[in-house]
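Peer 1: Next up is a structure, given as structure tokens.
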Amino acid sequence: MTVVKGAAALQSLKSSSEGTNDAEFAKFKSGDSYNVAVKSTEDLAEYYNYGHFSKIPTEKVNSFVPKVPPTRNAKGFITENATPWDKAAQYYFEAARATSDKEEEEELKKEARKYNPSKKFIYGFHDLATGKDFVVDVTKKQAEAIMTSILKYEKKIGKLAFELSKQGESTGTTVTLTPIIDMDEDLTEEERKNFDAAVGQPFDDALFEGLNYEASEQQQLEYLVDIMKFDVTLIGYDAEQAKPKEDGAETPDEPADISEEDLPF
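Residues in the sequence shown are numbered consecutively from 5, following this note's numbering.
Structure representation (structure tokens):
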């Protein structure tokens, strides 16, 4: 999985106002909360999340990242190595630009957005209950809210603990990072000990790796043909390339489930 970490990911937030190890995202559903220590302002990473959400199981493509990611410039635009899904999105965007019918244009843009990836962020914190670092997966909007809070209290990072919480449903889900002012009152003795132990210690960057399912080009083509019902010959591929591997070929692990929170709007 290719991610942009630290200062580069932080700058991306500011300017835009297949797993390989045992790392995994912490459980972070609506209603969940953690008492945490923030180790630095740069414990985050960004990545582009592909997939298609549908309440109909047979029309759903679970979340994945490309095994060979496209090359992007500083603004996030692809400069080379576009994936089949990027090409499918581009096909519809170009068709939208070519039509003079406004209604058709909107429909084509809507179709293009099915294949466009959403930029997502991974934030790292220190769990005061366990004394261990962990990571959560958040949308761009949620990451911006976290970043705003961290930068507001940047000078007090080694002095204040925070409560990380998630509330709401679907695309209205919000994430907040709130300072815990009275740590003697609101933290347990164990949490206070873990906070003190975390101060000045670096975050375990290895937790950012191997979190997302990596799909090969072959798998991406199969998703397009079998689930999205997209004609891959429209984007330069032979139909034979999208056929499943022969029986006996190694079957990859299942990609992570995708939810309405993953939608890029």
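Note that beta-carbon positions come from the ideal geometry of N, C-alpha and C, so glycine has one too.
1) Taking C-beta to C-beta, are residue 36 and residue 174 nearer than 8 Å?
2) Is the Cβ-Cβ distance between residue 123 and residue 144 less than 8 Å?
3) Tell me where the alpha helix (DSSP H) around residue 54 begins and ends.
4) Quick check on the burial criterion: 16 or more other C-beta atoms within 10 angstroms. Buried or exposed for residue 176?
5) Does the distance from the CB of residue 65 to the CB of residue 216 come in under 8 Å?
6) Taking the beta carbon of residue 50 as the centre, do at least 16 other beta carbons fall within 10 Å, making it buried, or is it exposed?
7) Between which two residues does the beta strand (DSSP E) holding residue 138 run?
8) How many angstroms separate the CA atom of residue 87 from the CA atom of residue 209?
9) Decide if residue 244 is buried, meaning its Cβ has at least 16 other Cβ atoms within 10 Å, or exposed.
10) How many angstroms separate the CA atom of residue 56 from the CA atom of residue 192?
11) How far does the alpha helix (DSSP H) with residue 200 in it reach, from first residue to last?
12) Which term fits residue 137, buried or exposed, when burial requires 16 or more other beta carbons within 10 angstroms of its beta carbon?
Peer 2: This is what the structure gives:
1) no
2) yes
3) Segment 48-56 is the beta strand (DSSP E) holding residue 54; no alpha helix (DSSP H) there.
4) exposed
5) no
6) buried
7) 136-143
8) 27 Å
9) exposed
10) 42 Å
11) 193-202
12) buried
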